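Report on one structure; see the data block that follows.
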Amino acid sequence: MSGADWTAVIPVKRLSAAKSRLRGAVLDARHEELALAMVRDTVTAVVLCARVSEVLVVTDDPAASAAVAALGARAVPDRPGAGLNAAMRFGADLVAGLSRRRAVLAGDLPALRPDELGEALEAAGPGRSFVADAAGTGTVLLTADAGQPLDPHFGEGSAAAHSASLARTLTGSWPGLRHDVDTAADLRTVLALGAGEHTCGLLRDLGLVADCGSGGVPAGPHR
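Everything in the sequence shown is counted per our numbering, starting at 1234 for the first residue and increasing by one.
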């Protein structure tokens, strides 16, 4: 298949509860801003991916909803309110619907490049496929073909769980896609890769970095 034939789904926690292991990377009063900046960079890259026709963000956070809508995504409330996997199933299988090709992503991929995501979606075959994180134990992308339930198994050891559920492993390098951010060390890694303008700009404003690697994704459309 070719063209913009994928719906991307990104679950986002309430910012007050997001990225608890990252606390201390910036002043506590700016922690929610950092979490939101990473969401904005992730959504920007996904919106700019030529293979994606729609971006759905499942969230109950008003600030996140407004921010992603300004970038061209559609925010929907997390009606199940039952954690990450339930939010993903809701967005992918109920809101988007089984008739569409769906891809769920982590919302903390500030160094993601649109072409990386496009290549991963191009490689996704029939059924379900997934991309493991840089450590090889977690999952950053799970895809489901039309007619195929998403069946997500995110959480500790999710790469092994997705493999055991017969999802096919996608093996491209895709550094921006594979590097999510849970800790301060992860943040330093994505800054070296070239974080997007929202994350990099916030950290510059805070005086924590002079620049963020090279080739970062531009801020994207504000609609």
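Glycine included, every Cβ here is placed at the ideal spot set by N, Cα and C. Just so you know, these numbers come straight off a predicted model, no measurement behind them.
Let me know the secondary structure DSSP gives THR1404 once reduced to three states.
THR1404 falls in the coil class under three-state DSSP.
How many Å lie between ASP1438 and ALA1428 at the Cα?
For the pair ASP1438 and ALA1428, the Cα-to-Cα distance works out to about 14 angstroms.
Neighbourhood of THR1422 by C-beta, 6 angstroms cutoff - its chain only, sequence neighbours within 5 removed
So the qualifying residues of the chain are HIS1412.
What are the start and end residues of each continuous alpha helix (DSSP H) run of 4 or more residues lying completely inside the segment 1241–1297, in chain order?
DSSP runs (the alpha helix (DSSP H)) wholly in the segment 1241–1297: 1264–1280.
Look up ARG1411 in the DSSP assignment and say whether it is helix, strand or coil.
Per DSSP, reduced to three states, the secondary structure at ARG1411 is helical.
Do VAL1272 and MET1321 have their CB atoms nearer than 8 angstroms?
One thing to note: VAL1272 has its Cβ no nearer than 8 angstroms to the Cβ of MET1321.
LEU1410 and ALA1356 look like a contact to me (Cβ under 8 angstroms); what is the Cβ gap, rounded to whole Å?
Contact between LEU1410 and ALA1356 is ruled out by a C-beta separation of about 11 angstroms, above the 8 angstroms threshold.
For the pair the segment 1378–1391 and the segment 1340–1352, tell me if three or more CB-CB distances fall below 8 angstroms.
Taking a cut-off of 8 angstroms on C-beta distances, the segment 1378–1391 does not touch the segment 1340–1352, as fewer than three cross pairs fall below it.
Looking at the secondary structure, which residues open and close the alpha helix (DSSP H) in which LEU1436 lies?
1430–1438 is the extent of the alpha helix (DSSP H) around LEU1436.
Count the CB pairs spanning the segment 1314–1333 and the segment 1254–1272 that are closer than 8 angstroms, and state whether there are at least three.
With a cut-off of 8 angstroms on Cβ pairs, the segment 1314–1333 is not in contact with the segment 1254–1272, counting fewer than three such pairs.
Decide if THR1277 is buried, meaning its Cβ has at least 16 other Cβ atoms within 10 Å, or exposed.
Looking at its Cβ environment, which holds 16 or more other Cβ atoms inside 10 Å, THR1277 is buried.
Bridge partners - VAL1364, DSSP secondary structure assignment:
In the DSSP output, where bridge partners are listed per residue, VAL1364 has LEU1374.
Please name the residue, chosen from PRO1343, SER1398, VAL1337, ARG1346, that lies closest to THR1376 on a Cα-to-Cα basis.
Among PRO1343, SER1398, VAL1337, ARG1346, the Cα nearest to that of THR1376 belongs to VAL1337.
Three or more C-beta pairs under 8 angstroms: does that hold for the segment 1400–1410 against the segment 1357–1367?
Yes: the two stretches touch, three or more of their Cβ pairs being nearer than 8 angstroms.
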